[in-house]
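> Order-wise, the sequence lines are chains A and B. When we follow UniProt numbering, the leftmost residue of the first sequence carries the number 1, and every step to the right adds one. When we follow UniProt numbering, the leftmost residue of the second sequence carries the number 1, and every step to the right adds one. Before I ask anything, here is the structure I am working with.
2 protein chains.
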Amino acid sequence: MAAFAGPEIERLIGLLSKLPGMGPRSARRAALALLKRREQLLSPLAASLAEVADRVVNCRMCGAPDTRDPCSICSDPNRDQSLICVVEDAGALWAMERAGAFRGRYHLLGGLLSALDGRGPDALRIKALVERLEPGEVKEVILALPATVDGQTTAHYLAERVSAAGTQVTSLARGVPVGGELDWLDDGTIAQALRARRPA
Amino acid sequence: MAAFAGPEIERLIGLLSKLPGMGPRSARRAALALLKRREQLLSPLAASLAEVADRVVNCRMCGAPDTRDPCSICSDPNRDQSLICVVEDAGALWAMERAGAFRGRYHLLGGLLSALDGRGPDALRIKALVERLEPGEVKEVILALPATVDGQTTAHYLAERVSAAGTQVTSLARGVPVGGELDWLDDGTIAQALRARRPA
């Protein structure tokens with residue numbers, strides 16, 4: 001891109017375009033919006049990013065990003081210490097917390113096993129998970145991983161490792177989502193929901 | 001939103017969701033991407049925003065955001081001083097510069113007249129434009145405003161003000177865009193292109 005907007009603004013546009021869902025065009029629109037609303041948006045966003053960069057660390061226990069270490073969930077005495085929910089990343093953790101149905105603690109893998117991307121067990125926080133099981137306080141590990149090839153490969157691998165450590169492993173149920181019309185569901189989900197049918 | 005991600009991250013998500021094209025969900029995805037790539041994306045973006053907030057000012061002549069004042073276009077001796085192109089904002093200026101067809105200078109209005117939003121002439125940089133015409137160096141003012149109701153209202157108003165100052169006023173031509181199929185064009189554009197037809 002030509003440097004008519006000045007190198008500082010071009011650099012900002014380049015960085016904004018690396019955010020998910022942003023392209024060169026939407027990054028330019030975002031930069032424009034920031035330049036138009038300097039006091040209300042540009043300066044607060046700069047300060048907020050600097051604060052997050054400075055103060056947010058990954059929890060030594062679960063790996064979740066937080067300003068506290070251990071994080072607010074791991075250091076909450078009201079969370080059940082005998083349950084660990086294994087998730088891919090902070091986005092999955094936030095989704096679980098929004099659902100508000102889980103009262104245990106988490107473990108973030110930091111990704112999934114992927115043959116394609118050459119990501120093996122050592123690239124994930126699997127050793128840290130097994131170490132958390134050693135004291136024997138954890139009764140159950142719940143795998144909340146995506147229903148994709150990589151997610152299921154990772155789940156299979158983890159199920160073996162956690163069983164070998166003598167802890168019970170479960171997975172989130174598969175089935176018809178709440179509000180889901182059968183007509184719109186893919187065949188795989190319908191087949192799994194049928195196999196996992198329960199007394200009504 | 002619940003504060004399970006910590007107030008700092010929640011604040012960042014809130015600010016990101018104010019960017020154009022971002023909603024609460026995509027802002028969360030963006031925050032997640034930033035947290036995953038702290039060294040490559042989070043810290044550079046924080047530094048870039050701080051630099052833009054610190055160093056970018058609006059040019060005292062044309063109003064364009066730049067680290068220089070007068071901006072790099074206004075202080076370029078190779079740009080034709082007798083031509084001023086009036087645009088709504090920096091986004092329109094960047095679009096004109098990308099086209100690379102204009103060798104004069106610009107004047108940013110900072111918005112458009114809008115009865116609906118209660119934005120009158122005093123809210124725009126119109127007085128500054130008329131003052132730039134007074135020395136008599138400017139021979140032509142080219143209005144490059146959007147072909148919307150507000151854009152055309154603003155163009156009409158400016159045409160009168162600039163004519164009254166004794167300077168010629170022109171507007172960007174309307175017609176079939178390059179590569180435009182007639183079948184896909186709206187009727188108004190076709191009608192305008194027909195009225196403005198030229199010898200082939």
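Beta carbons: idealized from backbone N, C-alpha and C, even for Gly.
Using a Cβ-Cβ cut-off of 7 Å (strictly less than) and excluding sequence neighbours within five positions of Glu-137/A, which residues of its own chain qualify?
Gln-81 and Ser-82
> What did DSSP end up calling Ala-2/A once you bin it into helix, strand or coil?
Here Ala-2/A scores only 45 on pLDDT, less than 50, and its place in the model should not be relied on; the value that follows carries that caveat. Coil, per DSSP.
> Beta carbon of Leu-109/B, beta carbon of Arg-125/B: below 7 Å?
Yes. Within cutoff.
> Rounded to the nearest angstrom, what separates Ala-3/B and Trp-94/A at their Cα positions?
In this prediction, Ala-3/B has a pLDDT of 48, which is less than 50 and means its spatial position is unreliable; what the coordinates show is noted afterwards. C-alpha separation (whole angstroms): 10 Å.
> Using the beta-carbon of each residue, which ones in chain B are nearer than 7 Å to Ala-33/A?
Leu-19 and Pro-20
> Which residues in chain B have a C-beta closer than 9 Å to the C-beta of Glu-51/A? List them in chain order.
Glu-8, Arg-11, Leu-12 and Ala-46, listed in chain order.
> Hey, could you find the ends of the beta strand (DSSP E) Asp-80/B is sitting in?
80 to 87
> State yes or no: is the beta carbon of Arg-195/B nearer than 7 Å to at least one beta carbon in chain A?
Arg-195/B does not count as touching chain A.
> According to the neighbour-count rule (16 or more other Cβ atoms, all chains shown, within 10 Å of its Cβ), is Leu-116/A buried or exposed?
Here Leu-116/A is exposed: its Cβ has fewer than 16 other Cβ atoms, across all protein chains shown, within 10 Å.
> Strictly below 7 Å CB to CB, what residues from chain B border Asp-66/A?
Gly-6
> Would you say Trp-94/A faces chain C, with C-beta separation under 7 Å as the test?
The structure shown contains no chain C; the protein chains it does contain are A and B.
> Taking the C-alpha atoms as reference points, what is the distance between Tyr-106/A and Glu-8/A?
Cα-Cα distance, rounded: 40 Å.
> Give a yes or no on whether the minimum CB-CB distance between Ser-43/B and chain A is below 7 Å.
Under the Cβ criterion of 7 Å, Ser-43/B is counted among the residues facing chain A.
> Buried or exposed: where does Pro-44/A fall if 16 or more other Cβ atoms within 10 Å of its Cβ makes it buried?
buried
> For chain B, is any of its Cβ atoms less than 7 Å away from the one on Gly-120/A?
no
> Could you give the first and the last residue of the continuous beta strand (DSSP E) run that contains Gln-168/A?
168 to 171
> Using a Cβ cut-off of 8 Å, pull out every chain B residue sitting near Leu-15/A, in sequence order please.
Leu-41, Pro-44, Leu-45 and Ser-48, listed in chain order.
> Give the C-beta separation of Leu-143/B and Val-169/B to the nearest angstrom, bearing in mind that I take them to be a contact with Cβ-Cβ under 8 Å.
About 7 Å; that satisfies the 8 Å criterion.
> Buried or exposed for Met-1/A, please, with buried defined as at least 16 other CB atoms from any protein chain shown within 10 angstroms of its CB.
For Met-1/A, the predicted structure reports a pLDDT of 41, less than 50, and the residue's modelled location is therefore unreliable. A value from the coordinates is still provided. Exposed is the call here.
> So Gly-91/B contacts chain A; which residues on that side make the cut at Cβ distance below 8 Å?
Arg-28, Arg-29 and Leu-32
> What residues in its chain sit with their C-beta under 7 Å from that of Gly-6/B, if we drop five residues either side in the sequence?
The answer is none, since no qualifying residue turns up.
> Jot down the residue ranges of each uninterrupted alpha helix (DSSP H) in the UniProt zinc finger region "C4-type" (59 to 74) of chain B, minimum 4 residues, whole runs only, in chain order.
none
> By the DSSP assignment, the beta strand (DSSP E) with Gly-136/A in it spans what residues?
No beta strand (DSSP E) contains Gly-136/A, which DSSP labels as neither H nor E.
> Within the same chain, show all residues whose beta-carbon is closer than 8 Å to that of Asp-186/B, passing over the 5 residues directly before and after it, in chain order.
none
> Beta carbon of Leu-12/A, beta carbon of Ala-33/A: below 7 Å?
no
> Residues of chain A with CB under 8 Å from Arg-38/B, in chain order?
Ala-53
> Measure the beta-carbon distance from Leu-35/B to Ala-90/A and round it to whole angstroms, keeping in mind my assumption that it falls under 8 Å.
6 Å
> For Gly-104/B, name the three-state secondary structure that DSSP assigns.
Assigned with DSSP and collapsed to three states, Gly-104/B falls in strand.
> Measure from the alpha carbon of Ala-99/A to the alpha carbon of each residue in Trp-184/A, Ala-165/A, Ala-164/A and Val-178/A, then state which is nearest.
Checking every option, the nearest Cα to that of Ala-99/A belongs to Val-178/A.
> Could you tell me the distance, in whole angstroms, from the CA atom of Gly-104/A to the CA atom of Ile-84/A?
6 Å
> Report the option in Ala-193/B, Gly-23/B, Leu-145/B and Ser-26/B whose CA atom is closest to the CA atom of Val-87/B.
Leu-145/B
> Could you spell out the range, first to last residue, of the alpha helix (DSSP H) harbouring Trp-94/A?
90 to 99
> What did DSSP end up calling Arg-25/B once you bin it into helix, strand or coil?
helix
> Would you check if the distance between the CB atom of Asp-69/A and the CB atom of Val-56/A is smaller than 7 Å?
no
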